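Step one of this worksheet: look at the structure below.
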Amino acid sequence: MTASETSPSSDFIRAAIAEDLKSGRYQLVHTRFPPEPNGYLHIGHAKAIAIDFGVAAEFGGLCNLRYDDTNPVKEDVEYVDSIKEDIRWLGFDWNSREFYASDYFEELYEFAVQLIKKGKAYVDDQSAEKVRLNRGTLTEPGVASPYRDRSVAENLDLFERMRRGEFPDGARVLRAKIDMASGNLNLRDPVMYRILHNPPHHRTGEKWCIYPMYDFAHGQSDSIEGITHSLCSLEYEDHRPLYDWFVSELGIYAPRQIEFARLNLSYTVLSKRLLRRLVSDGYVRGWDDPRMPTLSGLRRRGYTAESIRTFCDRIGVSKVDSTVDIALLEHCLREDLNKRAPRVMGVLRPLRVVIENYPEDKVEGLDAVNNPEDPAAGARKVPFSRVLYIERDDFREVPPPKYYRLAPGREVRLRYAYFVKCVGVVKDEQTGEVVELRCTYDPETLGGSAPDGRKVKSTIHWVSAAHAVPAEVRLYDRLFATENPNVAPEGEGFLSNLNPNSIEVLADCYVEPALAGALPGFLCQFERQGYFCVDPDSTPAKLAFNRSVQLRDEWAKIESKAAAAS
RNA sequence: UGGGGGAUCGUCUAGCGGUAGGACAGCAGACUCUGGAUCUGCAUGCCGUGGUUCGAAUCCACGUCCCCCAGCCA
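The letter at position 220 of the first sequence is residue 445 when you use my numbering, and the numbering goes up by one with no holes.
If you want it as structure tokens, here you go:
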């Protein structure tokens, strides 16, 4: 373990909090993770969760889970449930501190009344369109609403009637009276409450027909919960003056907001709106499609919580707009799985091999190590017999330069078994396709080496045909073909950057019998190929695997360089 | 052009007036019953221009570029 892993990280947020504790501005640390239940959590949220919960834990404080559920039009219990599941899976715990902005609706309403009484809020009858027009532009000040100077009594009466449901959606809003000329648009009399008769709220049902805007709910919710540090993303920087204004006008406890850059990942979109589009329009199978950057998708793909937490630690925290290379995420998974995933042999594109000099009905159980990185993982027996399957790609009729594997006349080692030499190639008479290899084995080479000292340049994996378990394997590639999917050609959207080959399903694979009955979620390494995870689609009759991530592949590099050179 | 932020290897990120470091990616090699893992080495960076200073990524000035904000979304 290195120093950077043992000593507390020194990003600007932790430094600021340490300073606040030292100066006495706050005596403790209490953060919160505040999702809106309008979609599934993704890897970007994992960063926020790791910061919110991580910072609290490091300073011996607490972190609440609070749903900012102020817009019933977009929210649903399906999302609140999935969010809880994902946070728990990641390994964080809010104990009993599960809150909802909707828990505070009554209090928030009283806050609004308080501001009306102070002459700091008013009911505006203008249409949404009118409000927008009168807000001004980036360079021109806004125009005051003709209703801005209504009496406190009239405002009180109107607001109460809004609550009682006397007005239709959009008829009126409650606005803060701040400054229509402010350079900060958020301060040009922002809307505090709007009327929404439908649909019912997932928690408060039909009780309310007016709902606070996020900006009027968030800061006060933090205040009510006694949050010391409200950590959020950069786009809320210019909302901070507004939150401070509310808290100050209301005379309530003030948290400190600190903003950090949200995560961007190459070849990925991380926006709930865009991810929802992929789901609703059927570009993926659902929120948990293994190609999705959602936590449920990554989990199904085979990502471990540990690897995602490591990733979040490594990317750091700063205020710079940044895009992390997805290769780092993949690296974190490999690193984790290398230590813990049992090795097995699985043949993805089978090529039949007959060992001519191996007895017809003989079967040997050969010893195979489960994980060379972990002696405690033990060993297993793998059945070997006369007819095997090897990987199609491990044979070339005309081997290119630097290709070490099987070819006519060449000898290789079958992992944990024998040296075999290719002595014949059987082809389909019609297509010319190689359908079978005839090989001979050297009985003296069991254990991996030849008594005469001869070497082979390569070891390949295999499964015994008679013992093989059939399986389906899904190979995934990045969902988008371009590094930044948000940059699309004129007139086209991010969908035009979708990678048409993001999934390849191999229906006729074979895996070694040790895998029979493996349960969904089971993770293993198919030697020489990658890490694979049993998918929930598996049935007792047929296993289905997802490729979580490929192993690093030197040969693939050599080959693609050769292809590029020619 | 109003307001708010930000610029350090290809990508993330350290640095807080005293030799610009780490990780990923890349390249080269060693080792290997996984062309895996591991190990070794290499290359690449302070947005620009002035100034202060013995000494500047760091302090100051002036520029330049990038991001966010005109939802009754969050």
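Beta carbons: idealized from backbone N, C-alpha and C, even for Gly. On a predicted model such as this, the values are computed, not experimentally measured, just so you know.
Classification of residue i by the beta-carbon crowding that lies within 10 angstroms, buried from 16 upward
i, result
"Gly522", "buried"
"Ser232", "Caution is warranted here: a pLDDT of 39 is assigned to Ser232, below 50, making its placement in the model unreliable, and the coordinate value is therefore given only provisionally. Ser232 should be labelled exposed."
"Leu459", "exposed"
"Asn582", "exposed"
"Val254", "buried"
"Val348", "buried"
"Ser229", "Low confidence applies to Ser229: its pLDDT is 35, below 50, so where it sits in the model is not reliable enough to give any reading."
"Ser352", "exposed"
"Arg539", "exposed"
"Ala601", "exposed"
"Lys272", "buried"
"Gln445", "buried"
"Met226", "Bear in mind that a pLDDT of 29 at Met226, under 50, signals an unreliable position, so the model cannot answer this."
"Ala741", "exposed"
"Pro710", "buried"
"Asn771", "buried"
"Asp653", "exposed"
"Lys497", "buried"
"Leu363", "exposed"
"Glu331", "exposed"
"Gln655", "exposed"
Residue range of the unbroken beta strand (DSSP E) whose run includes residue i
i, result
"His454", "454-458"
"Ala346", "346-349"
"Gln482", "481-485"
"Tyr439", "From DSSP, Tyr439 is part of no beta strand (DSSP E) but of the alpha helix (DSSP H) over 439-449."
"Cys749", "748-751"
Simplified DSSP state of residue i, which is helix, strand or coil
i, result
"Met387", "helix"
"Thr227", "Residue placement at Thr227 is poorly supported in this model, since its pLDDT is 31, which falls under 50; the coordinates still yield a value, given next. Correct three-state label for Thr227: coil."
"Asp469", "helix"
"Gln252", "coil"
"Asn289", "strand"
"Asn563", "helix"
"Arg498", "helix"
"Ala693", "coil"
"Gly755", "strand"
"Ala781", "helix"
"Leu520", "helix"
"Ser232", "Here the model assigns Ser232 a pLDDT of 39, short of 50, so the residue's position is not dependable and the matter cannot be decided."
"Ser721", "helix"
"Gly279", "helix"
"Lys272", "helix"
Residue i: CB within 6 Å of a non-hydrogen atom of the ligand FAD
i, result
"Ile533", "Absent from the structure shown: the ligand FAD. Ligands present: none."
First through last residue of the alpha helix (DSSP H) which encompasses residue i
i, result
"Lys299", "It is not in any alpha helix (DSSP H) - Lys299 carries neither H nor E in the DSSP assignment."
"Asn359", "353-359"
"Lys606", "Looking at the DSSP string, Lys606 is not in any alpha helix (DSSP H); the run it does join, the beta strand (DSSP E), is 604-609."
"Val623", "From DSSP, Val623 is part of no alpha helix (DSSP H); its letter is neither H nor E."
Cβ separation of residue i and residue j, assumed to be a contact under 8 Å, to the nearest whole Å
i, j, result
"Phe747", "Val730", "The pair is not a contact, with the Cβ atoms about 19 Å apart (cut-off 8 Å)."
"Tyr607", "Tyr641", "Correcting the residue type first, residue 607 is Val in the shown sequence and not Tyr. Confirmed, Cβ separation roughly 6 Å."
"Trp314", "Asn289", "The Cβ separation is near 18 Å, so there is no contact."
For the 8 Å Cβ check, are there 3 or more pairs between the region 473-485 and the region 528-535? no
Any chance the region 565-581 sits against the region 543-550, with 3 or more Cβ pairs inside 8 Å? no
Mind the definition here: the region 319-338 touches the region 352-364 only if three or more C-beta pairs lie below 8 Å; say whether that holds. no
With three or more beta-carbon pairs closer than 8 Å as the criterion, would you say the region 300-317 touches the region 368-385? no
At a cut of 8 Å, does the region 382-397 reach the region 438-454 through at least three beta carbon pairs? no
Looking at C-beta atoms only, is the number of pairs between the region 462-476 and the region 406-419 that lie closer than 8 Å three or more? yes
Take every Cβ of the region 270-289, pair it with every Cβ of the region 500-512, and state whether three or more of those distances are shorter than 8 Å. no
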